[in-house]
Amino acid sequence: MKLKDATLFRQAALVGGEWIEADPSNAIKVDNPATGEIIGLVPNLGAAETKKAIAAAEATQKEWAARTAKERSGILRRWFELMMENQDDLGRILTAEQGKPLAEAKGEIAYGASFIEWFAEEARRVYGDIIPGHQKDKRILVMKQPIGVVAAITPWNFPNAMITRKAGPAFAAGCAMVLKPASQTPFSAIAIAILAERAGLPKGLFSVITGSARAIGGEMTASPIVRKLTFTGSTEVGAELYKQSAPTIKKLGLELGGNAPFIVFDDADLDAAVEGALIAKFRNNGQTCVCANRLYVQDGVYDAFAEKLAKAVGTLKTGNGFDEGINLGPLIDEAALAKVEEHVADAVSKGGRVISGGHRHQLGGRFYEATVLADVTPAMAVAKEETFGPVAPLFRFKDEADVIVQANDTEFGLASYFYAKDLARVFRVAEALEYGMVGVNTGLISTAEAPFGGVKLSGLGREGSRYGIEEFTEIKYVCLGGV
Ligand code: ADP
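With our numbering, letter number 210 in the sequence shown gets 190, and the count goes up by one each step, no holes.
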């Protein structure tokens, strides 16, 4: 991997302000999913290092919180600028460990950095309230204070942005953070930490611990010092962490799985819907929790939409993310590839029709063809489970009431999308979808300005927007008597 600043690729973890280099006899190997080649090692750490990081976070957090909001804001702003100045290198590190095309990886760096920029601004706007008192001589003050030490656990699909949208609001609010990045993609996290040091974040405020998920997560959840756990990943692991956090009554932020419906009504602009479907379904090779998982198309436009989508998908180029003109990279690992294969085989065995792709890619390895399936029914696995890969299953529906029932028939509730023009329908459907987020006539909804999050098994809390910083504060009520 050629970098302008080679020091951004570091095979080490940051524990309480001290760097621990990877020891080859006890390290985690990180590979490039496009080639299987080992790109580097990170230390295999556990409970002891987590404890140390939590202690350092506790020691530093009070001093950080005592600074003016403007001072914290300035450091975050500098951190944002450093990320953008190093966008190329950070993008290269990301593609090498995650596989997404370089242009998309650089896009993620800009997106990830935008959370640091946004929360650098929000840091200065954490306002309290003064409420008229309940008695003549009393006044009610409400202040918002940082929650304290925060633990974060993040996934591999957005190795930069899933960290910044937690770290930005946490540091802006005056919290400290101990992070465990996904073992598949630790180098992006480490590079972010190097830039945080350069931006002037105090030593010990931010730790990045690589290693055993069970040991690190166990210590994070057991520790009474950690007041909040913020996690992005599977519902299964989220539920486990929820349980582990119960004895210490931690505040929780959980961004879990989704099973997003994407509905195309008869009155939709079909070309716009195809464009939206390409983004909502195939971004990051289908490996995002807001990816369209079930595409419902109304009877009258089903065949036309299927044809247009299959044609557009046929032009997508799959390959190594470092090559020119690539739209889709590999899947993250063999298990992900196997799941995609299973979902396609299951659909085909139950009457589904492949109208584009449908096989492992001729490149071999972890590559799978961009796929469109027609004649999909609720009996197929794709209807219930998140595929997390480049497969667009097309369901046919007759009327609005029916599609809403189908769209809501899932235990998840993260993102949803629909295309329609009739204004009354737009309101009705937006209100009826049981999801935390609804994209109307758009396939791209994530941005630092908006509250991202889900309902039902998709999680708790919101990230981004002005609501995102509230998640890292506690409300304190002060009753002022004798006034
Ligand atoms: P994904 O399907 O996105 O890989 P996971 O929920 O398995 O989602 O992983 C998301 C993050 O949670 C990763 O950083 C992973 O290492 C971590 N993780 C997995 N299992 C546990 C666990 N038992 N305790 C704490 N963290 C875990």
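Idealized CB from N, CA, C, for every residue including glycine. These numbers come from a predicted model, not from an experiment.
Taking the straight line between their C-alpha atoms, what separation do you get for residue i and residue j?
i: D247; j: D303; result: 39 Å
i: P519; j: I120; result: This structure does not reach residue 519, given that the chain is present from -19 up to 463, and the question cannot be answered.
i: I306; j: A361; result: 29 Å
i: G79; j: R178; result: 27 Å
i: F285; j: G256; result: 12 Å
i: L275; j: V420; result: 14 Å
i: F167; j: A272; result: 28 Å
i: G423; j: K160; result: 30 Å
i: K364; j: F407; result: 26 Å
i: N6; j: Y348; result: 33 Å
i: G480; j: V10; result: The question about residue 480 has no answer, for the chain in this structure spans -19 to 463.
i: L234; j: G213; result: 8 Å
i: A162; j: E38; result: 24 Å
i: K86; j: A173; result: 18 Å
i: C459; j: L236; result: 38 Å
i: H468; j: L311; result: Lying outside -19 to 463, the shown extent of the chain, residue 468 is not represented and no answer is given.
i: G238; j: F392; result: 5 Å
i: T464; j: F432; result: With the chain covering -19 to 463 only, the question about residue 464 has no answer from this structure.
i: A404; j: A103; result: 39 Å
i: M(-19); j: A83; result: 16 Å
i: A132; j: I425; result: 23 Å
i: P81; j: T390; result: 31 Å
i: A473; j: R52; result: Residue 473 lies beyond the range of the chain shown here (-19 to 463); nothing can be said about it.
i: F242; j: K208; result: 33 Å
Select from the options the residue whose C-alpha is nearest the C-alpha of residue i.
i: L289; options: I89, A404, K261, G434; result: K261
i: A381; options: D326, A410, P373, L175; result: A410
i: V244; options: G26, R376, G108, L308; result: R376
i: P139; options: M157, K116, G92; result: G92
i: R(-10); options: V188, K86, V130; result: V188
i: F385; options: A372, A395, V130, L413; result: Reading off the sequence shown, one finds Val at residue 385, where the question assumed Phe. Measuring from the Cα of V385, the nearest candidate turns out to be L413.
i: T144; options: E199, A219, R57; result: R57
i: T470; options: P149, L82, R194, T190; result: A question about residue 470 goes unanswered here, because the residues of the chain that appear run from -19 up to 463.
i: V254; options: L232, R194, Y282; result: Y282
i: Q125; options: V463, G461, E450; result: E450
i: R263; options: P182, F368, L175, E235; result: F368
i: S336; options: L374, K31, A103; result: L374
i: E199; options: A33, H341, G462, P182; result: A33
i: L296; options: K330, I259, C269; result: I259
i: E366; options: V328, A359, A387, K319; result: K319
i: V(-5); options: T30, R346, R442, R72; result: T30
i: A359; options: A219, G461, G332, K208; result: G332
i: A28; options: K50, K208, I8, R194; result: R194
i: D313; options: G345, K50, T134, K330; result: G345
i: D249; options: C269, E287, T390, K401; result: K401
i: Q164; options: A36, T75, K208; result: T75
i: V158; options: N66, A35, E43, K291; result: A35
i: L(-12); options: A327, D3, Q67, K50; result: Q67
i: R442; options: G71, K116, M142; result: M142
Contact defined as beta carbons within less than 8 Å: I believe residue i pairs with residue j. What is the distance between those atoms, to the nearest angstrom?
i: V122; j: Y457; result: 6 Å
i: K146; j: D279; result: With 8 Å as the limit, K146 and D279 do not qualify as a contact, their Cβ atoms being about 43 Å apart.
i: T40; j: G184; result: 4 Å
i: D69; j: K(-16); result: 6 Å
i: V217; j: A153; result: Their Cβ separation, rounded to whole angstroms, is 25 Å, which puts V217 and A153 out of contact at 8 Å.
i: G191; j: L25; result: 4 Å
i: G416; j: S438; result: 7 Å
i: G266; j: V334; result: Their Cβ separation, rounded to whole angstroms, is 16 Å, which puts G266 and V334 out of contact at 8 Å.
i: I18; j: E77; result: No, I18 and E77 are not in contact; Cβ-Cβ is about 11 Å, not under 8 Å.
i: A240; j: Y397; result: 7 Å
i: L440; j: L232; result: 6 Å
i: A156; j: V130; result: 7 Å
i: A468; j: P13; result: Outside the modelled stretch of the chain, which goes from -19 to 463, sits residue 468, for which no answer is possible.
i: A387; j: W98; result: A387 to W98, Cβ: 31 Å. No contact.
i: L175; j: F151; result: Not quite, the Cβ-Cβ distance comes to about 13 Å (not below 8 Å), so this is no contact.
i: I127; j: F452; result: 5 Å
Can you tell me which residues form a DSSP beta bridge with residue i?
i: E235; result: T212, G439
i: Q278; result: F377
i: V129; result: A156, V206
i: M360; result: According to DSSP, M360 bridges with nothing at all.
i: W(-1); result: L(-6)
i: Y397; result: F242, G419
i: F285; result: None, per the DSSP bridge assignment.
i: L460; result: R119
Checklist entry - Is the number of C-beta pairs between the region -6 to 5 and the region 53 to 62 that are closer than 8 Å three or more? => result The region -6 to 5 is not in contact with the region 53 to 62.
Checklist entry - So does the region 81 to 98 actually touch the region 134 to 153, counting three or more Cβ pairs closer than 8 Å? => result As far as the Cβ criterion goes, the region 81 to 98 touches the region 134 to 153, which means the pair count is three or higher.
Checklist entry - Counting Cβ pairs, one atom from each stretch, are 3 or more of them under 8 Å apart for the region 224 to 236 and the region 194 to 209? => result At 8 Å Cβ cutoff, the stretches touch.
Item to check | Inter-stretch contact at 8 Å, needing at least 3 Cβ pairs: the region 43 to 57 / the region 208 to 227 | outcome: By the Cβ rule, the region 43 to 57 does not count as touching the region 208 to 227, because fewer than three pairs are nearer than 8 Å.
Item to check | Given 8 Å, three or more beta-carbon pairs between the region 350 to 361 and the region 315 to 324 | outcome: Contact holds: three or more Cβ-Cβ distances are below 8 Å.
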